[in-house]
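The listed protein sequences derive, respectively, from chains A and B. My numbering numbers the first residue of the first sequence as 98 and each following residue consecutively. My numbering numbers the first residue of the second sequence as 652 and each following residue consecutively. Beneath this line is the structure, given in structure tokens, with notes to follow.
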Amino acid sequence: MSTPIITFDHVTKQFSLLSHKTFKEFLPALIKGEDTTKDFIALDDLSFTINKGESVGIIGPNGSGKSTILKLIAGVMSPNTGKVIVKGKVSPLIELGAGFHFELSGRENIYLNGAILGLSKKQINENFKSIVDFSELWEYIDQPVKHYSSGMYMRLAFSIAIHVNPEILLVDEILAVGDPKFQKKCFQKMLDFQKSGVTIIYVSHDLKSVENFCSKVFYLQKSKLVSSGNPKTICQKYLSNIS
Amino acid sequence: MYQLLKEIKDICHWKELLWQMVGREVKARYKQSILGYFWVILNPLAQMLVMSFAFSLILRIPTNSSSNIPYSIFLFVALLPWNLFANSLSSATNSLVNSSTLITKVYFPRTILVLASIISKLVDFVFALSILIIYMIIYQIPISFNILWTIPIFLIQQIFTVGLSLFFSAANLLYRDIQYLLNLLLVLWMYATPVIYPADIVPSQFKFVFQLNPMAVIINAYRQTILGGGQPNFYSLIIALFLSLSILLIGFSYFKSREKIFADNI
Chain A
98 MSTPIITFDH VTKQFSLLSH KTFKEFLPAL IKGEDTTKDF IALDDLSFTI
148 NKGESVGIIG PNGSGKSTIL KLIAGVMSPN TGKVIVKGKV SPLIELGAGF
198 HFELSGRENI YLNGAILGLS KKQINENFKS IVDFSELWEY IDQPVKHYSS
248 GMYMRLAFSI AIHVNPEILL VDEILAVGDP KFQKKCFQKM LDFQKSGVTI
298 IYVSHDLKSV ENFCSKVFYL QKSKLVSSGN PKTICQKYLS NIS
Chain B
652 MYQLLKEIKD ICHWKELLWQ MVGREVKARY KQSILGYFWV ILNPLAQMLV
702 MSFAFSLILR IPTNSSSNIP YSIFLFVALL PWNLFANSLS SATNSLVNSS
752 TLITKVYFPR TILVLASIIS KLVDFVFALS ILIIYMIIYQ IPISFNILWT
802 IPIFLIQQIF TVGLSLFFSA ANLLYRDIQY LLNLLLVLWM YATPVIYPAD
852 IVPSQFKFVF QLNPMAVIIN AYRQTILGGG QPNFYSLIIA LFLSLSILLI
902 GFSYFKSREK IFADNI
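Listed below in structure tokens is the structure:
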């Protein structure tokens, strides 16, 4: 049961803020010998492991590095120092619909987004019905996505993302979309994933849902892991730190 | 080199995404406009007519062979592959920047974005090619088996295009000036390449420029094999191939060295 699926080993991630984006800014700065970059540390010497099947909540104020952790797990970013080891297929539910094209129909976008998430055409064909069923968008599936409401858009994106059969699911504050009925459906789906042994990383400001859903919570502040452990105690600690 | 093979294997694994991305570009283009794909034919046709008028009727640039090939065909044989090169390069250069939302969210081989924009330009090229073929039939341009040379020539052109595209797309992500610089470069480059004029009217002391410019060799070779019915200059072609492969390796290793910080810099 306790095989580590995600390991962060002394991970530090820096961003170069105010780096000069164009030659116009860059060249004069270089000639004058100014420092062309200013580093911002998003994660500072972070170490933790997440075991298979765990549901881990990550909480903390804005800018504490929560999203950076998800991006490192997704393999979109690499750490400056330290190591990130991820064993398993990751499905990011981070700001859904990033790959949608507005001019294309819902149907075409399912194929496109499925491919972005690493599905083959055959897999998408097999899941097509169940994706549209889940999104409840049969009526609009051949309409261009640009005519969708933002709720419909998110419903379609969520439906595709959950059909990837992930081993690791990254969830970033997405359950705030859709009407209450669809939110409930999404939450139910996440509980199903939890039961079937999928590892879930859940980033949210909604402490109540974190407390209910997660088996373990990481509390981040100013790029550092302040504490981790039992959801109830950690959330309480976070709340008392705010006030 | 090993990394390049590994990347090719990766791309094969993600080939579904590659085709979907190509499909996205191609479909989106004709859905947005009324004339849709007709523009792909109309654009080079209009360009050719205007240029033919300016350069053959007003400036009276000669065509290079003794056989009386109309200037418009002489121009078109060079203009089509040149346009393919220029359009591929400029759209590939913007491909990473345009997909910035994807790059910061999902992992997949980034080279796919560059390749997809190049392949979708290839689709345009095939459409535009049909005018050339119709044109050649109308004017009854004789062709020989030497026309098969266009296949290896075309491959060299694509290797060169991919290499440069990898370099420019990665550079453009870090410095957005690159796209403007590239547009300027492409205009100058076209005049340094025998597109609107035949290669043999250039004074011999400047000929070395052509040797070092793979596009000049490639464009000239198309003309020699399609219109002249002859064989291309092997020596120049080998140099062009060698240069293109070097550019591919340099472009690819630059791309790879920057790939890790793509998401940080958008």
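Even glycine gets a Cβ: it sits at the ideal position worked out from N, Cα and C.
*Go ahead and pull the three-state DSSP assignment for L317(A).*
Locating residue 317(A) in the first sequence gives position 220, where the first residue counts as 1. Note: L317(A) maps to strand in three-state DSSP.
*Determine, using beta carbons only, whether D661(B) comes closer than 9 Å to chain A.*
Indexing the second sequence from 1 puts residue 661(B) at position 10. No, its Cβ sits nowhere closer than 9 Å to a Cβ of chain A.
*At a CB-CB cut-off below 7 Å, which residues of chain A make contact with E658(B)?*
The sequence position of residue 658(B) within the second sequence is 7, counting from 1. Ordered by position in chain A, no residue passes the 7 Å Cβ test against E658(B), which lies about 15 Å from the chain.
_Measuring straight from C-alpha to C-alpha, what distance separates V728(B) and L696(B)?_
For this step, residue 728(B) is matched to residue 77 along the second sequence. For this step, residue 696(B) is matched to residue 45 along the second sequence. Cα to Cα, the separation comes out at about 12 Å.
_As a quick exercise: from P732(B), H664(B), L783(B) and D851(B), pick the residue whose alpha carbon is nearest that of I712(B)._
Numbered from 1 along the second sequence, position 61 holds the residue referred to as residue 712(B). It is D851(B) whose Cα lies nearest to the Cα of I712(B).
*Within this structure, are the beta carbons of V765(B) and S741(B) separated by less than 9 Å?*
For the purposes of this step, residue 765(B) is taken as residue 114 along the second sequence, with counting starting at 1. For the purposes of this step, residue 741(B) is taken as residue 90 along the second sequence, with counting starting at 1. Against a cut-off of 9 Å, the Cβ pair of S741(B) and V765(B) comes out as no contact.
*Could you say which of L815(B), P803(B) and Q856(B) lies nearest to I870(B) if we only look at CA atoms?*
Taking the second sequence and counting its residues from 1, one reaches residue 870(B) at position 219. Residue P803(B) is the option with its Cα nearest to I870(B).
*With 16 other Cβ atoms within 10 Å as the buried cut-off, status of K226(A)*: Residue mapping note: residue 226(A) aligns to position 129 of the first sequence, counting from 1. The residue in question, K226(A), is exposed, as its Cβ has fewer than 16 Cβ neighbours within 10 Å.
*Just the Cα atoms here: how many angstroms apart are S320(A) and G248(A)?*
Mapped onto the first sequence, residue 320(A) falls at position 223. Mapped onto the first sequence, residue 248(A) falls at position 151. Their Cα atoms are separated by approximately 33 Å.
*In terms of residue numbering, what span does the beta strand (DSSP E) encompassing S152(A) cover?*
Numbered from 1 along the first sequence, position 55 holds the residue referred to as residue 152(A). It spans S152 to I156 - the beta strand (DSSP E) in which S152(A) sits, taken as one unbroken run.
*asked:* Any contact between the stretch 309-328 of chain A and the stretch 862-878 of chain B? By contact I mean 3 or more CB pairs, one from each, below 8 Å.
replied: no
*asked:* Does the contact criterion of 3 or more C-beta pairs under 8 Å hold for the stretch 137-149 of chain A versus the stretch 103-113 of chain A?
replied: yes
*What does T621(B) reach in chain A if we use C-beta pairs closer than 7 Å?*
Residue 621(B) lies beyond the range of chain B shown here (652 to 917); nothing can be said about it.
*Less than 9 Å separating the beta-carbons of V300(A) and I166(A)?*
Along the first sequence, read from residue 1 onward, the residue named residue 300(A) stands at position 203. Along the first sequence, read from residue 1 onward, the residue named residue 166(A) stands at position 69. Contact flag set, yes.
*Apart from the five residues just before and just after K180(A), which ones in its own chain have a Cβ nearer than 6 Å to its Cβ?*
Numbered from 1 along the first sequence, position 83 holds the residue referred to as residue 180(A). These residues qualify, in order along the chain: D106.
*Going along the stretch 240-260 of chain A in order, which residues come within less than 7 Å of chain B, judged by CB to CB distance?*
none
*Grouping DSSP H, G and I as helix and E and B as strand, with all else coil, what is L404(A)?*
Lying outside 98 to 340, the shown extent of chain A, residue 404(A) is not represented and no answer is given.
*asked:* By the three-class DSSP mapping on this structure, what secondary structure does S202(A) have?
replied: Position 105 of the first sequence, counted from the first residue, corresponds to residue 202(A). It is a strand residue.
*Going by DSSP, which residues form a beta bridge with S188(A)?*
Along the first sequence, one-based indexing puts residue 188(A) at 91. DSSP, once it has assigned bridges, lists L266(A) as partnering S188(A).
*Mind the definition here: the stretch 812-829 of chain B touches the stretch 898-910 of chain B only if three or more C-beta pairs lie below 8 Å; say whether that holds.*
yes
*Output yes or no for whether 9 Å exceeds the beta carbon distance between I170(A) and F315(A).*
For the purposes of this step, residue 170(A) is taken as the residue at position 73 of the first sequence. For the purposes of this step, residue 315(A) is taken as the residue at position 218 of the first sequence. Cβ distance not < 9 Å, so I170(A) and F315(A) don't count as in contact.
*Using a C-beta cutoff of 9 Å, does F225(A) count as contacting chain B?*
Walking along the first sequence from the start, residue 225(A) turns up at place 128. Not an interface residue.
*When the cut-off is 9 Å and only beta carbons count, does V268(A) lie next to chain B?*
As a working mapping, residue 268(A) is identified with position 171 in the first sequence. False, the Cβ-Cβ gap to chain B never drops below 9 Å.
_Whole angstroms are fine: how far does the CA of G160(A) sit from the CA of S325(A)?_
Here residue 325(A) refers to the residue found at position 228 when the first sequence is read from its first residue. Here residue 160(A) refers to the residue found at position 63 when the first sequence is read from its first residue. For S325(A) and G160(A), the distance between alpha carbons rounds to 18 Å.
*Please confirm whether Y245(A) and G211(A) have their CB atoms less than 9 Å apart.*
Position 148 of the first sequence, counted from the first residue, corresponds to residue 245(A). Position 114 of the first sequence, counted from the first residue, corresponds to residue 211(A). For Y245(A) and G211(A), no; Cβs fall outside 9 Å.
*Spell out whether any CB of chain B is found under 9 Å from the CB atom of K184(A).*
One-based indexing of the first sequence puts residue 184(A) at position 87. No, because no Cβ of chain B sits closer than 9 Å to the Cβ of K184(A).
*Assuming S312(A) contacts V261(A) under a Cβ cut-off of 8 Å, what Cβ separation, rounded to an integer in Å, is found between them?*
Numbered from its first residue, the first sequence carries residue 312(A) at position 215. Numbered from its first residue, the first sequence carries residue 261(A) at position 164. Actually they are not in contact, since the Cβ atoms of S312(A) and V261(A) sit about 22 Å apart, beyond 8 Å.
_Distance CB(A779(B))-CB(L731(B)) smaller than 9 Å_ = Residue numbering aside, residue 779(B) sits at position 128 when the second sequence is read from its first letter. Residue numbering aside, residue 731(B) sits at position 80 when the second sequence is read from its first letter. Closer than 9 Å, so yes.
*asked:* Between L773(B), T744(B), Q862(B) and S771(B), which has its C-alpha nearest Y831(B)'s C-alpha?
replied: For the purposes of this step, residue 831(B) is taken as residue 180 along the second sequence, with counting starting at 1. When each option's Cα is compared against that of Y831(B), the closest is T744(B).
*Using a C-beta to C-beta distance shorter than 8 Å, which residues of chain B count as neighbours of F112(A)?*
Within the first sequence, the letter at position 15 stands for residue 112(A). Under the 8 Å cutoff, chain B gives D915.
*Do the CB positions of L888(B) and I807(B) come within less than 9 Å of each other?*
Counted from its first residue, the second sequence places residue 888(B) at position 237. Counted from its first residue, the second sequence places residue 807(B) at position 156. In contact: L888(B) and I807(B) (Cβ atoms closer than 9 Å).
*Spatially closest choice to I298(A) from S113(A), G172(A) and L190(A), by CA coordinates*: In the first sequence, residue 298(A) corresponds to position 201, counting from 1. Comparing Cα-Cα distances from I298(A) to each of S113(A), G172(A) and L190(A), the minimum goes to L190(A).
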